[in-house]
Amino acid sequence: MSVTMEPSTTRNTSLPISQKEVVSLAIEAHYSNLQTGIRVLVARSGLVDGETKIVETANEILQNTIEVALQAADRFDPTRSSYSWLMGIAVNKVREMRRDAKYETKRVQVFEDKDVDNDGPNERRELNDNEDSTAEERIDAVLYRTSNRSALEDQQQPLNEMLALVNESDRKILTLAIVDGLSGVDLAATLGIREGAAYVRLARAKEHLRKKYFATFGRKDS
Amino acid sequence: MMNQPNSKAQIERSITRYVRALDASNLDEIAEVLQIAEEDAELDRIIGEINWAYAEEIGLSVNSVDSEKVRKLLQENFLSVFSESIEISPITVGEVTAHLIANQLVPPADQENSLKLLHINIPLPKWLSLPEIRSLSHQLSLNVSERFLKVFRDAAIQMSMGRGQAQMTAARRKTSCRPGNDRSNEENNAK
Numbered sequence: 008m009s010v011t012m013e014p015s016t017t018r019n020t021s022l023p024i025s026q027k028e029v030v031s032l033a034i035e036a037h038y039s040n041l042q043t044g045i046r047v048l049v050a051r052s053g054l055v056d057g058e059t060k061i062v063e064t065a066n067e068i069l070q071n072t073i074e075v076a077l078q079a080a081d082r083f084d085p086t087r088s089s090y091s092w093l094m095g096i097a098v099n100k101v102r103e104m105r106r107d108a109k110y111e112t113k114r115v116q117v118f119e120d121k122d123v124d125n126d127g128p129n130e131r132r133e134l135n136d137n138e139d140s141t142a143e144e145r146i147d148a149v150l151y152r153t154s155n156r157s158a159l160e161d162q163q164q165p166l167n168e169m170l171a172l173v174n175e176s177d178r179k180i181l182t183l184a185i186v187d188g189l190s191g192v193d194l195a196a197t198l199g200i201r202e203g204a205a206y207v208r209l210a211r212a213k214e215h216l217r218k219k220y221f222a223t224f225g226r227k228d229s
Numbered sequence: 002m003m004n005q006p007n008s009k010a011q012i013e014r015s016i017t018r019y020v021r022a023l024d025a026s027n028l029d030e031i032a033e034v035l036q037i038a039e040e041d042a043e044l045d046r047i048i049g050e051i052n053w054a055y056a057e058e059i060g061l062s063v064n065s066v067d068s069e070k071v072r073k074l075l076q077e078n079f080l081s082v083f084s085e086s087i088e089i090s091p092i093t094v095g096e097v098t099a100h101l102i103a104n105q106l107v108p109p110a111d112q113e114n115s116l117k118l119l120h121i122n123i124p125l126p127k128w129l130s131l132p133e134i135r136s137l138s139h140q141l142s143l144n145v146s147e148r149f150l151k152v153f154r155d156a157a158i159q160m161s162m163g164r165g166q167a168q169m170t171a172a173r174r175k176t177s178c179r180p181g182n183d184r185s186n187e188e189n190n191a192k
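What follows is the structure, given as structure tokens:
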């Protein structure tokens, strides 16, 4: 984000501050990011199809978000991150529109998990909550503990077994993140992509690993 | 509640949740991660970056909008009251410094140098970005820390907002006193 609200000084001042002006300043600072985020939300939610309709609907939601934010300015806590607060308002509007029958008929799952390579039907099944959390725990035990350099040697074998489950592209980014300890800007620079794209690719690689892990080993505690 | 930074692992989990939720069109999950991000400035920033990445991926990127243009849009569409321009003297470097000293916001290392700013009556730059404040600092040949400049910038923004509020109040008064204004006519008739 190009501009952030600084909470500490906001809290310490005795000057009269209009909450509406604080919110309008936040909107001003995050305007392009809001526009972008709302377009993504609309596209991903499957509310409408086609670039023109997505942009039109996103603009409508952006306007509504700004109106709601200014109306609710008194409830805004300036010590919290304003972009996520504004995006939260937009998500509520998208949810409301999805509930609306007018949009419900148009709702389609337009974005399949297209980045999962060579996944068979077993691998594509949805995980339930219990499986989900258990998978996370098992995988995290390897992934996050190996972020600790001293524990890397102990975890090398289970890590290699896990990395063998995913394709080359996912293995590369997971190795850079886990073995080499790269993240954010450094990971993006190594891959020659933008920071946000690096986070998306890494998150998807983890998700692919999680799915492959379950498809291969199933639930050990069942 | 204050922004509580999460651990690196917690942030990574939230990022994975957010990307998974976007890929699965799961709005409830997206809303939950955004709530976590409200309390974590780093996660908030990363979510912004992720949204840009998705926008590029699906070909819906937005060109950066000039701040001045956004301000104008907001004023025209949402805050029409701002359009009444009432002249109030601009805030000066000395006023902001006095505010910082009074509120004990000056970093210890900068206390001596900050006293030199108290009598400087130069108005603040119109756009209170950190680079503008740095530029002002160079113009005044100041030897202060980056922390001081940031605190100065924040206080300047708040004071400007306070001044803006005063302008709004003055504008409302001016509008309500105009001949032919319905409200003032009603008030006059009532008298």
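These protein sequence lines are chains A and B, in that order.
Under the numbering used here, think of the first position of the first sequence as 8, with each following residue one higher.
Under the numbering used here, think of the first position of the second sequence as 2, with each following residue one higher.
C-beta: ideal position from N, C-alpha, C; glycine also.
It should be emphasised that the depicted structure is a prediction, and the values quoted were computed from it without experimental measurement.
Distance check for residue j and residue i, CA to CA, integer angstroms please.
i, j, result
"leucine 35 of chain B", "glycine 57 of chain A", "26 Å"
"alanine 36 of chain A", "asparagine 174 of chain A", "40 Å"
"glutamine 78 of chain A", "serine 176 of chain A", "47 Å"
"glutamate 103 of chain A", "serine 52 of chain A", "12 Å"
"arginine 217 of chain A", "threonine 86 of chain A", "35 Å"
"valine 63 of chain B", "asparagine 40 of chain A", "8 Å"
"asparagine 114 of chain B", "leucine 131 of chain B", "19 Å"
"valine 94 of chain B", "leucine 119 of chain B", "7 Å"
"lysine 213 of chain A", "leucine 143 of chain B", "49 Å"
"leucine 181 of chain A", "leucine 101 of chain B", "47 Å"
"leucine 183 of chain A", "leucine 189 of chain A", "6 Å"
"glutamine 4 of chain A", "alanine 10 of chain B", "Examination of residue 4 of chain A is not possible in this model, given that chain A is present from 8 through 229 alone."
"tyrosine 206 of chain A", "threonine 43 of chain A", "17 Å"
"valine 145 of chain B", "leucine 137 of chain B", "12 Å"
"arginine 135 of chain B", "lysine 127 of chain B", "14 Å"
"arginine 46 of chain A", "glutamate 133 of chain B", "32 Å"
"isoleucine 48 of chain B", "aspartate 41 of chain B", "11 Å"
"asparagine 66 of chain A", "alanine 103 of chain B", "44 Å"
"serine 89 of chain A", "isoleucine 68 of chain A", "17 Å"
"serine 8 of chain B", "valine 20 of chain B", "18 Å"
"glutamate 57 of chain B", "isoleucine 51 of chain B", "10 Å"
"arginine 154 of chain B", "valine 97 of chain B", "9 Å"
"glycine 199 of chain A", "tyrosine 55 of chain B", "17 Å"
"isoleucine 16 of chain B", "serine 91 of chain A", "13 Å"
"isoleucine 61 of chain A", "asparagine 71 of chain A", "15 Å"
"leucine 54 of chain A", "tyrosine 38 of chain A", "22 Å"
"methionine 169 of chain A", "threonine 64 of chain A", "42 Å"
Let me know if residue i comes out buried or exposed under the rule of 16 or more other beta-carbons within 10 Å of its beta-carbon.
i, result
"tryptophan 193 of chain B", "Outside the displayed span of chain B (2 to 192) sits residue 193 of chain B, for which this structure offers no information."
"alanine 156 of chain B", "buried"
"lysine 219 of chain A", "buried"
"arginine 82 of chain A", "exposed"
"arginine 211 of chain A", "buried"
"arginine 208 of chain A", "buried"
"glutamine 140 of chain B", "exposed"
"threonine 59 of chain A", "exposed"
"glutamate 69 of chain B", "exposed"
"leucine 48 of chain A", "buried"
"arginine 106 of chain A", "exposed"
"leucine 116 of chain B", "exposed"
Whose C-beta lies closer than 6 Å to the C-beta of residue i among residues of the same chain, with five residues either side of it excluded?
i, result
"phenylalanine 149 of chain B", "Pro108, Asp111"
"alanine 80 of chain A", "Gln26, Lys27, Val30"
"valine 152 of chain B", "Leu106"
"leucine 22 of chain A", "Confidence at leucine 22 of chain A is low in this model, with a pLDDT of 41, below 50, so its placement is unreliable and no value can be given for it."
"aspartate 45 of chain B", "Ala38"
Looking only at its chain, what residues have a beta carbon closer than 7 Å to the beta carbon of residue i, apart from the 5 residues adjacent to it on each side?
i, result
"alanine 76 of chain A", "Val30, Ile34, Leu93, Ile96"
"leucine 172 of chain A", "Leu216, Lys219, Tyr220, Thr223"
"arginine 72 of chain B", "none"
"asparagine 122 of chain B", "Thr93, Gly95"
"threonine 197 of chain A", "Leu183, Leu189"
"valine 192 of chain A", "Glu202"
"isoleucine 73 of chain A", "Ile34"
Between which residues of its own chain and residue i is the CB-CB distance below 8 Å, once the five residues before and five after are set aside?
i, result
"isoleucine 92 of chain B", "Pro124, Leu125, Ala157, Met160, Ser161, Arg164"
"arginine 18 of chain B", "Glu30, Glu33, Val34"
"alanine 99 of chain B", "Leu119"
Does chain E have any CB closer than 7 Å to the CB of residue i?
i, result
"threonine 197 of chain A", "Here the protein chains are A and B, and chain E is not one of them."
TODO: Output, in sequence order along the chain, the residues in the segment 4-38 of chain B whose CB is closer than 7 Å to any CB in chain A.
DONE: Here the close residues are Asn4, Ala10, Ile16, Thr17, Val20, Arg21, Leu23, Asp24, Ser26, Leu28, Ile31, Ala32, Leu35, Gln36, Ala38.
Task: Residues from the segment 162-190 of chain A in contact with chain B, defined by Cβ distance under 9 Å - done: Cβ proximity to chain B below 9 Å picks out Ala184, Ser190 from the segment 162-190 of chain A.
TODO: Could you tell me whether the segment 23-37 of chain B touches the segment 88-105 of chain A, where touching means 3 or more Cβ pairs closer than 8 Å?
DONE: Segment contact: the segment 23-37 of chain B against the segment 88-105 of chain A, three or more CB-CB distances shorter than 8 Å; contact assigned.
- [ ] Taking a Cβ distance cut-off of 8 Å, strictly less, list which residues of the segment 210-225 of chain A are near chain B, in chain order.
- [x] If the cut-off is 8 Å between Cβ atoms, the segment 210-225 of chain A has Ala210, Arg211, Lys213, Glu214 near chain B.
- [ ] Anything in the segment 58-76 of chain A with a Cβ closer than 9 Å to a Cβ of chain B? List those residues in chain order, please.
- [x] Answer in chain order: Glu58, Ile61, Val62, Ala65, Gln70, Ile73, Glu74.
TODO: Closer than 7 Å, Cβ to Cβ, to anything on chain A: give me those residues from the segment 132-151 of chain B, in chain order.
DONE: For the segment 132-151 of chain B, which is checked against every Cβ of chain A, not one residue is closer than 7 Å.
Task: Residues of the segment 95-110 of chain A whose Cβ lies closer than 8 Å to any Cβ of chain B, in chain order - done: Under the 8 Å Cβ criterion, the segment 95-110 of chain A contributes Gly95, Val98, Asn99, Val101, Arg102, Arg105.
Open item on the list: Closer than 7 Å between beta carbons: that is the criterion. Which residues of the segment 104-136 of chain B meet it against chain A?
Closed with: Those would be Asn104, Leu106, in chain order.
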